[in-house]
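With our numbering applied, the sequence shown covers 1 to 155.
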Amino acid sequence: MRVAVLAFCLLVAGTALCAQEQMNVTVQNHTGLAGFKQRNPSYVTVFTAEWCSDCQGSKAQQAQIRNAAWSHGWSLLNGDVGTRTEFRDPSNYLRADPLYNVQYVPTIYAIVNGVIVMRIVDQQIYDQNLVSQMVQYLNQGVPPSRLPLLAKAGS
């Protein structure tokens with residue numbers, strides 16, 4: 001089931017840009033992913049799996065990152081990679097995606113203007129220094145490079 005919560009979107013040159021949005025995608029339902037990327041040039045991803053012990057064991061760290069992101073204006077994309085068999089398939093929607101190319105879970109990215117600028121992958125989630133660095137980065141808010149697009153749209 002995909003759930004999207006739109007907080008504020010503007011229409012710019014025929015494309016909606018969102019100040020903040022949250023979306024959950026799964027193997028079974030990820031049809032809105034391309035639209036999310038279009039509407040949100042800068043956002044945070046949290047890709048996990050139910051069967052992944054590191055995903056289950058790092059829920060506090062994931063929550064810390066999600067809370068920092070959401071409370072400072074970042075959009076959030078939560079993705080479930082599916083079963084082990086589904087994840088091992090090279091055509092898995094998160095493995096095959098040219099930007100995400102997810103090879104391990106958990107995988108957490110900070111993406112700015114379509115470029116991964118920070119990442120925490122696999123057991124790095126237990127490195128509190130890395131988690132703190134990402135939280136500090138997210139606490140600065142969405143980079144200004146995105147904000148002029150929103151300001152122009154409102155003028």
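Backbone N, C-alpha and C fix where the C-beta goes; we use that ideal spot for every residue, glycine too.
Please report the Cβ distance between residue i and residue j, rounded to the nearest whole angstrom; I am assuming they are in contact, meaning their Cβ atoms lie under 8 Å.
i, j, result
"Q38", "S75", "Incorrect: roughly 12 Å between the Cβ atoms, too far for contact."
"G79", "L94", "6 Å"
"D54", "Q140", "27 Å between Cβ atoms; not a contact."
"V131", "I120", "7 Å"
"G73", "Q20", "6 Å"
What's the C-alpha gap between residue i and residue j?
i, j, result
"Q61", "C52", "15 Å"
"P90", "Q103", "10 Å"
"F47", "N24", "10 Å"
"Y109", "T85", "23 Å"
"P148", "V44", "A caution first: P148 carries a pLDDT of 40, below 50, which makes its placement in the model too unreliable to give a value."
"R88", "A68", "31 Å"
"Q56", "T107", "13 Å"
"M134", "R66", "10 Å"
For residue i, does the count of other Cβ atoms within 10 angstroms reach 16, so buried, or fall short, so exposed?
i, result
"G114", "exposed"
"P144", "exposed"
"A7", "Reliability fails at A7, whose pLDDT of 44 lies under 50, so the model's placement of it is uncertain and no value is given."
"T31", "exposed"
Can you tell me whether DSSP reads residue i as helix, strand or coil?
i, result
"T83", "coil"
"N24", "strand"
"L76", "strand"
"V131", "helix"
"R95", "coil"
"A110", "strand"
"S58", "coil"
Take residue i as the anchor and find which of the options has the nearest alpha-carbon.
i, options, result
"Q64", "N129, P144, P143", "N129"
"D127", "S58, V27, P144, A19", "S58"
"G82", "A19, Q20, Y137, N29", "N29"
"V27", "E50, A19, S42", "E50"
"L33", "M134, Y137, A96", "A96"
"I111", "P41, A19, T31, Q20", "P41"
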